[in-house]
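For the sequence shown, this note's numbering assigns the number -18 to the initial residue and increments by one for each residue that follows.
Notes follow the structure.
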Amino acid sequence: MIDVRNVSKSFINNDQLSPVLEDVTFSVKEGEIVTLLGQSGCGKSTLLHIIGGFLQPDDGVITLEGKQVKRPTKRCMMLFQQQNLLPWRTVLKNVLLGLEKEDMPESEKREKALEAIRFVGLEEHIDRYPHQLSGGMQQRAAIARAFAAEPKIILMDEPFAALDTFNRYRLQDELIKMQAKKKTTIVLVTHDIDEAVYLSDRVLIMQSSPGKIYKEIHIQLSKPRDRASDDYNYYRKKIFETFAISGQRYEMEYSI
């Protein structure tokens, strides 16, 4: 579904060329959730923007379903940490946004939007505006908008980072349910080890300066996952220790 080959990217910083990504190569199968995990500044968000076609690599090639990515496409949708809901539109009309140009009856568009809204538990709030919703509810509306459009791929840039633990866990559960139903391919960027273990089929650990893939870890646990199980905490510890072995200092609250 996604193929990243030998991607490198640099930016100009204080009149000097600063490498952000170097020779990054990996692939993502259809229906997988693959997480790019690393500390701030390792280039994971830059890599996500390149996959989405919002940035072009200096070297290397990105292909989606065998076609080279040169610009954003409807096959691939980006979901940011900021919800980017239109403040003058209700929940329903925000979710309908991604369907407006689709060639289908209006009744079908509405039903697709309502199905996604029901899935995230906002059916009683379809006529509310973003300012009338909590942060967690706004993010649920953004997730519903992404899935209602039924893209082949969703790219998620730390979409739960600003939420409290309760809402983060709830949205993670809803994401897994929707992804399993729609068979959507997801690439997730996070710096949260727990989130990576809970959601991912594979975790790609990134190293900094410049950013590159240091190690790939397959999470061989069925979903939904039990955060308190020994198997779950085995993977948390394994990832945490991988950062220590790589020489990276990972600051987080960690307990087994």
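Note that beta-carbon positions come from the ideal geometry of N, C-alpha and C, so glycine has one too.
All values derive from a computational prediction rather than experimental measurement.
To the nearest angstrom, report how far apart residue i and residue j are at their CA atoms.
i	j	result
D212	D(-4)	49 Å
V76	A225	42 Å
M159	L103	14 Å
R70	L(-2)	42 Å
V15	D182	6 Å
K10	L136	14 Å
R91	D84	13 Å
C23	G79	31 Å
D39	K193	15 Å
K25	V170	6 Å
F114	K74	The amino acid occupying residue 114 in the given sequence is Leu; Phe does not appear at that position. Their backbone Cα atoms lie some 15 Å apart in a straight line.
A1	K164	Note that residue 1 corresponds to Val in the displayed sequence, not to Ala. Looking at the two C-alpha atoms, the distance is approximately 32 Å.
Q37	Q188	21 Å
T6	S(-9)	16 Å
For residue i, count the other beta carbons within 10 Å of its own beta carbon; 16 or more makes it buried, fewer makes it exposed. Which is it?
i	result
D138	buried
R126	buried
H199	exposed
G19	buried
Y179	buried
R121	buried
E234	Because the pLDDT at E234 is just 41, under 50, the model does not fix this residue reliably, and the point stays unresolved.
E197	exposed
Q245	Any answer about residue 245 is impossible in this case: the structure gives the chain only from -18 up to 237.
G116	exposed
A238	What the structure shows of the chain is the stretch from -18 to 237, and residue 238 is not part of that stretch, so it cannot be assessed.
H112	exposed
D175	buried
L185	buried
E105	exposed
What whole-angstrom Cβ distance do residue i and residue j have, given they're in contact under 8 Å?
i	j	result
E155	F221	About 26 Å separates the two Cβ atoms, so there is no contact after all.
S(-11)	G41	6 Å
V129	A94	In the sequence on display, residue 129 carries Ala and not Val. A129 to A94, Cβ: 5 Å. Contact.
I267	R56	No statement about residue 267 is possible, as the shown extent of the chain runs from -18 to 237 and does not include it.
I124	L60	7 Å
Classify residue i as helix, strand or coil using the three-state DSSP reduction.
i	result
N75	helix
S190	coil
L120	For the record, residue 120 in the displayed sequence is Gln; it is not Leu. Reduced to three states, the DSSP call for Q120 is helix.
F200	It should be pointed out that residue 200 corresponds to Ile in this sequence rather than to Phe. In this structure, I200 counts as coil in the three-state DSSP scheme.
Q(-3)	strand
L242	In the structure as shown, the chain begins at -18 and stops at 237. Residue 242 is therefore absent and cannot be evaluated.
E222	helix
D182	coil
Y195	strand
D207	coil
F35	coil
For the ligand FMN, is there a heavy atom less than 6 Å away from the beta-carbon of residue i?
i	result
G79	Summarising the ligand content, the structure contains no ligands, and the ligand FMN is consequently not present.
Are the C-beta atoms of residue i and some chain D residue less than 7 Å apart?
i	result
K10	Protein chains in the displayed structure number just one, and chain D is not present.
Using 8 Å as the cut-off, can you tell me whether the stretch 43 to 52 makes contact with the stretch 201 to 212, which would need three or more C-beta pairs spanning the two stretches below that distance?
no
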